[in-house]
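Novice:
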Amino acid sequence: MGFPDRKKIVQTIVLIITVFALYLIHREVSQYSFLDIRAAIADIPIYRFVMAFIFTGIYYALLTLNDGLAVRYIGKSLSWARTAFASFVSNTLSLNLGMSLLTGGSSRYSIYGSYGLKISEITKIVAFCNFTITIGSVGLLGLLLLLKPVGILARMPVLQVWGKIIGFILLFFVTSAGLLSRSGKSLRFFGHEVSLPPLKCFFAQLSISVTSLFCASMVLFSLLPSSNIPIHHYVGCYVISVLLASLSQIPGGVGVLDLTILITLFPWYSPSDLVGSLIIYRIIYYLFPLCLSVILLGWHQFSLLSQNTKDATARAGKEFLAIYPQIMSVGVFLAGAVLLFSSATPGLPQRLSLLNKLLPPYVLELSNFLGSLAGIVLLLLAQGIRRRLRIAWLLTTILFGFGIILSLLKGLDYEEALIITIFLLPLVAARKHFDRNSKLLYPDLSLNWNISTAIVLISATWLGYFSYKHSEFTRQSILGFALSGEAPWFLKASVSLSILVVVTSLWQLFRTRSNFAFIPSEDDMVDVRNIVQSSIQSSAFLALLGDKSFFFSPSRKSMIFFAQELSYWFVMGDPVGDPEEFQDLAWSFREQAALSGTKVIYYEATEDELPLYIELGYVLVKI
Numbered sequence: 034m035g036f037p038d039r040k041k042i043v044q045t046i047v048l049i050i051t052v053f054a055l056y057l058i059h060r061e062v063s064q065y066s067f068l069d070i071r072a073a074i075a076d077i078p079i080y081r082f083v084m085a086f087i088f089t090g091i092y093y094a095l096l097t098l099n100d101g102l103a104v105r106y107i108g109k110s111l112s113w114a115r116t117a118f119a120s121f122v123s124n125t126l127s128l129n130l131g132m133s134l135l136t137g138g139s140s141r142y143s144i145y146g147s148y149g150l151k152i153s154e155i156t157k158i159v160a161f162c163n164f165t166i167t168i169g170s171v172g173l174l175g176l177l178l179l180l181k182p183v184g185i186l187a188r189m190p191v192l193q194v195w196g197k198i199i200g201f202i203l204l205f206f207v208t209s210a211g212l213l214s215r216s217g218k219s220l221r222f223f224g225h226e227v228s229l230p231p232l233k234c235f236f237a238q239l240s241i242s243v244t245s246l247f248c249a250s251m252v253l254f255s256l257l258p259s260s261n262i263p264i265h266h267y268v269g270c271y272v273i274s275v276l277l278a279s280l281s282q283i284p285g286g287v288g289v290l291d292l293t294i295l296i297t298l299f300p301w302y303s304p305s306d307l308v309g310s311l312i313i314y315r316i317i318y319y320l321f322p323l324c325l326s327v328i329l330l331g332w333h334q335f336s337l338l339s340q341n342t343k344d345a346t347a348r349a350g351k352e353f354l355a356i357y358p359q360i361m362s363v364g365v366f367l368a369g370a371v372l373l374f375s376s377a378t379p380g381l382p383q384r385l386s387l388l389n390k391l392l393p394p395y396v397l398e399l400s401n402f403l404g405s406l407a408g409i410v411l412l413l414l415a416q417g418i419r420r421r422l423r424i425a426w427l428l429t430t431i432l433f434g435f436g437i438i439l440s441l442l443k444g445l446d447y448e449e450a451l452i453i454t455i456f457l458l459p460l461v462a463a464r465k466h467f468d469r470n471s472k473l474l475y476p477d478l479s480l481n482w483n484i485s486t487a488i489v490l491i492s493a494t495w496l497g498y499f500s501y502k503h504s505e506f507t508r509q510s511i512l513g514f515a516l517s518g519e520a521p522w523f524l525k526a527s528v529s530l531s532i533l534v535v536v537t538s539l540w541q542l543f544r545t546r547s548n549f550a551f552i553p554s555e556d557d558m559v560d561v562r563n564i565v566q567s568s569i570q571s572s573a574f575l576a577l578l579g580d581k582s583f584f585f586s587p588s589r590k591s592m593i594f595f596a597q598e599l600s601y602w603f604v605m606g607d608p609v610g611d612p613e614e615f616q617d618l619a620w621s622f623r624e625q626a627a628l629s630g631t632k633v634i635y636y637e638a639t640e641d642e643l644p645l646y647i648e649l650g651y652v653l654v655k656i
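With the working numbering applied, the sequence shown corresponds to residues 34 to 656, in that order.
1) Ends of the alpha helix (DSSP H) at I452?
2) In terms of alpha-carbon separation, which member of I273, D607, L204 and P263 lies closest to L239?
3) Could you check whether the stretch 262 to 271 touches the stretch 117 to 132, counting it as contact only if at least three pairs of C-beta atoms, one from each stretch, sit closer than 8 Å?
4) Under a Cβ-count criterion, where at least 16 other Cβ atoms within 10 Å of its own Cβ denotes burial, should D446 be classed as buried or exposed?
5) Beta-carbon within less than 7 Å of I74's beta-carbon, same chain only, minus the 5 sequence neighbours each way: which residues are those?
6) According to the neighbour-count rule (16 or more other Cβ atoms, all chains shown, within 10 Å of its Cβ), is R419 buried or exposed?
7) Of the residues G90, T156 and N99, which one's Cα is nearest the Cα of L643?
8) Assuming F374 contacts L422 (C-beta within less than 8 Å), just tell me the rounded distance between them.
9) Identify which residue in S386, R81 and G606 has its Cα closest to the Cα of F574.
10) With distances taken between CB atoms, is the gap from L414 to T430 smaller than 8 Å?
11) Mind pulling the beta strand (DSSP E) runs of 3 or more residues that sit fully within the stretch 564 to 652?
12) Excluding the five sequence neighbours on either side, which residues of its own chain have a C-beta within less than 8 Å of the C-beta of T342, listed in chain order?
13) Thinking I273 and L174 are a contact (beta carbons under 8 Å), I'd like their distance in whole angstroms, please.
14) How about A377 and G436: are their beta carbons less than 8 Å apart?
15) The alpha helix (DSSP H) that contains F161, what's its start and end?
16) Given a threshold of 16 other Cβ atoms within 10 Å of its Cβ, counted over all protein chains shown, does E614 qualify as buried or as exposed?
17) Provide the residue span of the alpha helix (DSSP H) that contains I312, from first to last.
18) So what's R469 in DSSP terms, helix, strand or just coil?
19) Quick one: give me the first and last residue of the alpha helix (DSSP H) that S362 is part of.
20) Count the C-beta pairs between the stretch 80 to 93 and the stretch 299 to 307 that are closer than 8 Å, then say yes if the count reaches three, no if not.
21) Classify F514: buried if its beta carbon has 16 or more other beta carbons within 10 angstroms, exposed otherwise.
22) Taking the alpha carbon of L372 as the point to measure from, which residue in D306, E449 and S305 has its own alpha carbon closest?
23) Please report the Cβ distance between V604 and Y635, rounded to the nearest whole angstrom; I am assuming they are in contact, meaning their Cβ atoms lie under 8 Å.
24) How is the alpha helix (DSSP H) around V83 delimited, first residue to last?
25) By Cβ distance, which residues of its chain are closer than 6 Å to C248, with the 5 residues on each side in sequence left out?
26) Run the CB neighbour count on E555, radius 10 Å, all protein chains shown included, and call it buried at 16 or more, exposed below.
27) Distance, Cα to Cα, L135 vs I144?
28) What would DSSP say about L422, mapped onto helix, strand or coil?
29) When the Cα atoms are used, what is the spatial distance from W495 to L432?
30) In whole angstroms, give me the CA-to-CA distance for G288 and V52.
31) Give me the Cα-Cα distance between G610 and I58, rounded to the nearest whole angstrom.
32) Quick one: Cα of L15 to Cα of S305, how far?
33) Which residue's Cα is closest to the Cα of I158: S110, S170 and W195?
34) If you draw a straight line from the alpha carbon of V207 to that of S140, how long is it in whole angstroms?
35) Excluding five sequence neighbours on each side, which residues of the same chain lie with their C-beta closer than 8 Å to the C-beta of D641?
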């Protein structure tokens, strides 16, 4: 039996942390019911919703200034509309998926690449933007800790001295960065060498970051009821929550951010008020911008297709389409989560009363049950959309259609139907880009997707239990409650499938890997020579040294040659052969590596195939 590598152990720990965080949240709100949460949301005045949207808009507008500053720093000139588009898409993807250095960086590589910028220039932009966000978060938290204790430190005088020490260290880091900026020296930051900008630019970065983070904190603050909480204490608690959520690498910081907010703000707000505000906060700050991002991506996709097929336009489209399946997969995943969470909660009484007059009760129950199943299947299909599979696109569009109908049948949830429609339209418009034929389920391809799926299923199951806990099954465990004869159909399906997902994930984690041998035969070497001789790449002749393994396309007109070392496959350069086959060849190679339990590294990859590597989900590292 193969032992899981360090990355999978870390990801499993992330899942355990999420489950533990949800358990602690359950303890914090156990004395409240779902109706209390719904009442808390209903008590939020309209003007507070407006304020939350305004602060969200200001937050993203400030982040566009960050990208604009980065573009100007590298000596390039782009219109504000272009930098705003790149910034908005990258930041919404980072917020919803987590791991901003990877997700946000990949989207910037793709979008700025479509604008004609070089890899070295985009790398500087990515490093610049990440440095801006980090320096502002660290500086603001350090200042707050140094001035007055925040969070748990405010309740524990013994730890207040440590809080001031940590604040001093954080401010020392920011001050040192400013001094280095003045001297013109460079830093190594998350694998990137950052040539620090002039001091004036550094202060602009710091101002943008601190102001944007303050506006982000005001989104949630706008939704909370009136309180006498000191503003410095609230902002400090929010910054700590955001940093912990980022460090957890959990998509959207689910559980970690919410739990930290609940614990640190409890003396000033009741858990029911906090949970209700956090739900609306996630809709306004996370979900709504993502929906808008999908709409903008669909419009951009349509504009590229409507232009003449000149070389520059074709290149721009190729760069942009590298991230399009990633965005669509996130949309499909979130649509599935929306269906699940909606099915886990009771409908609004007024709407249910109207439906009961028009439809028999079993239609509502069946629609709720089928909606939860459709949500679970969409979570699994999201990975197929990410891999551009034809069958995944077909099944997803069908389930989206059913999801819209079921949303209306089970509770007249037109808001939910609208969200699904927003994700459906750009998916239909991009039909021709989902043209691959391969196995639908490759659990090993991305453990992050498996972890995210498990988190959503566990969260939805807990939400269903919390929503119906006022019934006669209150004293039963979640498992006993869900499997009882009179429990809602949603919980029966969710608990059963959640157990299946957990068991499957554990099997994938500890199962024995298949060993695939790529020892070339005489016929293979004949094909290798033919491909090398027809190639214009001088590096292709390295394939003839006799120390490489080969992976061929079905036509055997293209290949990838690589060296096997422990759990890595090192590819020298780009695929070789017919460029029309490179995309499917690289995807098949990646899937084969996943089945073998190995990782792929492309060494000396060229800029021409940059969109392909971004599409495959690889991280670009300058050596």
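Backbone N, C-alpha and C define an ideal beta-carbon position, used for all residues, glycine too. Model, not experiment: these values are computed from the prediction.
Specialist: With the given structure in hand:
1) Segment Y447 to A462, the alpha helix (DSSP H) holding I452.
2) Among I273, D607, L204 and P263, the Cα nearest to that of L239 is on L204.
3) Using a C-beta cut-off of 8 Å, the stretch 262 to 271 makes no contact with the stretch 117 to 132, since fewer than three inter-stretch Cβ pairs fall below that distance.
4) Looking at its Cβ environment, which holds 16 or more other Cβ atoms inside 10 Å, D446 is buried.
5) Here the set comprises G309, I312 and I313.
6) Buried, since its Cβ has 16 or more Cβ neighbours within 10 Å.
7) Nearest option by C-alpha distance: T156.
8) Incorrect: roughly 26 Å between the Cβ atoms, too far for contact.
9) Checking every option, the nearest Cα to that of F574 belongs to G606.
10) Not a contact, by the Cβ cut-off of 8 Å.
11) Secondary structure within the stretch 564 to 652: the beta strand (DSSP E) runs of 3 or more consecutive residues, fully enclosed, are 582 to 585, 592 to 598, 601 to 605 and 632 to 636 (chain order).
12) Because T342 sits at a pLDDT of 48, beneath the cut-off of 50, its placement in the model cannot be relied upon, and the following sentence gives the value as read from the coordinates. There are no such residues.
13) So it is a contact: roughly 7 Å between Cβ atoms.
14) Against a cut-off of 8 Å, the Cβ pair of G436 and A377 comes out as no contact.
15) The continuous alpha helix (DSSP H) containing F161 extends over residues I152 to L180.
16) In summary, E614 is buried, with 16 or more beta-carbon neighbours lying within 10 Å of its beta-carbon over all protein chains present.
17) Counting along the chain, the alpha helix (DSSP H) containing I312 begins and ends at P304 to R315.
18) For R469, the three-state secondary structure derived from DSSP is strand.
19) Under the DSSP assignment, S362 falls in the alpha helix (DSSP H) whose first and last residues are Y357 to A377.
20) Fewer than three beta-carbon pairs drawn from the stretch 80 to 93 and the stretch 299 to 307 are found closer than 8 Å, and the two stretches are therefore not classed as touching.
21) Any reading at F514 needs caution, since the residue's pLDDT is 46, under 50, leaving its predicted position unreliable; the model's value is listed next. The residue in question, F514, is buried, as its Cβ has 16 or more Cβ neighbours within 10 Å.
22) Nearest option by C-alpha distance: E449.
23) So it is a contact: roughly 5 Å between Cβ atoms.
24) I79 to Y106 is the extent of the alpha helix (DSSP H) around V83.
25) The beta carbon of C248 sits closer than 6 Å to those of F88, I91 and Y92, all from its chain and outside the five residues before and after it, given in chain order.
26) Looking at its Cβ environment, which holds fewer than 16 other Cβ atoms inside 10 Å, E555 is exposed.
27) A caution first: L135 carries a pLDDT of 45, below 50, which makes its placement in the model unreliable, though a value can still be read off. The straight-line gap from Cα to Cα measures roughly 14 Å.
28) The answer is strand: DSSP assigns L422 an E or B state.
29) So the alpha carbons of these two residues sit roughly 24 Å apart.
30) Straight across, the Cα-Cα distance linking G288 with V52 is about 8 Å.
31) Each residue's alpha carbon lies about 55 Å from the other.
32) Residue 15 lies beyond the stretch modelled for the chain, which goes from 34 to 656, so this question has no answer here.
33) Answer by Cα proximity: S110.
34) Across the structure, V207 and S140 are spaced so that their CA atoms are roughly 28 Å apart.
35) Excluding sequence neighbours, D641 sits near D607.
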